[in-house]
Structure formats: C-alpha cells, structure tokens
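Here is the structure we will look at.
Rendered as structure tokens:
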C-alpha cells in the first residue's frame, strides 16, 4: 500500500494531486531560501499563519500556511510523510475528491490553531493536513478495515502512535494543529462514508 513502485513519470501521471502538493511545498522552500531563509518575515510574506493577520481579514492564511515550513529540516521531514500518506488515499478517493479533502484538512487544522492556540510566531507546515490524512486512515481502520491489509493497518497504527506522542514531546510543535488535523480527517472520512463507493480497495 505504501511502497512506491512507479517510475517518476508514472507517479506524476497517476498521482497528480500528491505530486502538486509536494512540488508547491518544495518550490516555496526554494523561494524561501532565495529570499534569505526561514525568518519570521519571510514565512509571513509567503503565506504563513499569523493570528493578527487572520483577524485582520487574511483568511487565506488558514490554507496557505500548509504549504510552507518553519525550516529546511522541517520541510525535508514532512514532505516524505505527506507523499507516503497521500498517495494511497488519492488512488482510493480519486483526484478531485482527494484535492478537496486536502484543502479541507488544511483549513480544519488552521482553524483549530486560530481558535484554540496562541502560537507566538508566524506558523507554517504541512503536518496539520498530514495528521488529517492519518485521521482518515484511522477512521478506515475503525469502520472499513477490510479496505486495508492487516500489515498496513499495523504500520498505520504504529506510525500514528509515534506521531501522536511526538506532538506532546516536542515543545515547538503546534499541538492544536496536529490534533485539529487529526479530528478534521476523522470527521471528513465519517461524512464521506455516507457516500457509497467513496473509498475503493486498491
């Protein structure tokens, strides 16, 4: 399920949304470096979440923050996990629905950050929607586990446990963003489950 066997060109053709997400994040990382690095000013310029800016009407930051990162290490850490988690869901849900889900998960995590935390600096990162993808997987394991092989269910639960623990053990992580993304993904999958055939067995 999570093993990537496609060639680079085949991957792009089969998973265009996942590819686009990774490309936008990497492109923004490159632009960030060209503008002087991961400073608060640069992150804010490129769409990072900032409570005061959102309160002043920059609601688009509740989405755009999910394509930037706090550091180069943060970017290189998150992108592989996003790609691995996104790819199987794009295949199961279809391109358009998966794109919609990623946008909703990003906004869901962003709104949780805005209403339930007071992060002190411009915040950016794709871990909020990534936790949303985990939330979708957890719902599937709970209600539609026949769609996921036993070995893959074990891997998902192990990874989810490690990610959940890291949320509380690493002080710089946005707990609200992670938990908001996780809950958004779970609830989104719950709503989608009302539609017959939304998730296809790969």
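Residue numbers (the UniProt record's numbering): 1 to 202.
We put the CB at the ideal spot given by N, CA and C, even for glycine.
The beta carbon of residue 123 sits closer than 7 Å to those of 48, 49, 65, 113, 174, all from its chain and outside the five residues before and after it, given in chain order. Inter-residue distance for residue 68 and residue 182 is about 19 Å (C-alpha atoms, whole angstroms).
Selection 177, 120, 133, 140 evaluated against residue 44 yields 120 as nearest (Cα-Cα). Measuring C-alpha to C-alpha distances from residue 106 to each of 62, 21, 156 identifies 62 as the nearest.
Residue state for residue 49 is assigned as strand, using DSSP reduced to three classes. Restricting attention to beta strand (DSSP E) runs no shorter than 3 residues, the UniProt domain "Peptidase S54 rhomboid" (57-193) encloses none.
For secondary structure counted as the alpha helix (DSSP H) over 4 or more consecutive residues, the region 3-39 holds these complete runs in sequence order: 8-14, 16-34. The Cβ neighbour count for residue 4, taken over all protein chains shown within 10 Å, is under 16; the residue is labelled exposed. The alpha-carbon of residue 176 is positioned some 12 Å away from that of residue 184. Nearest Cα to residue 101 within the set 194, 2, 187, 8: 187. Burial check for residue 129: the Cβ neighbour count within 10 Å reaches 16 or more, so the residue is buried.
One thing to note: residue 110 has its Cβ no nearer than 9 Å to the Cβ of residue 189.
Looking at the backbone, the Cα of residue 21 and that of residue 74 are separated by about 15 Å.
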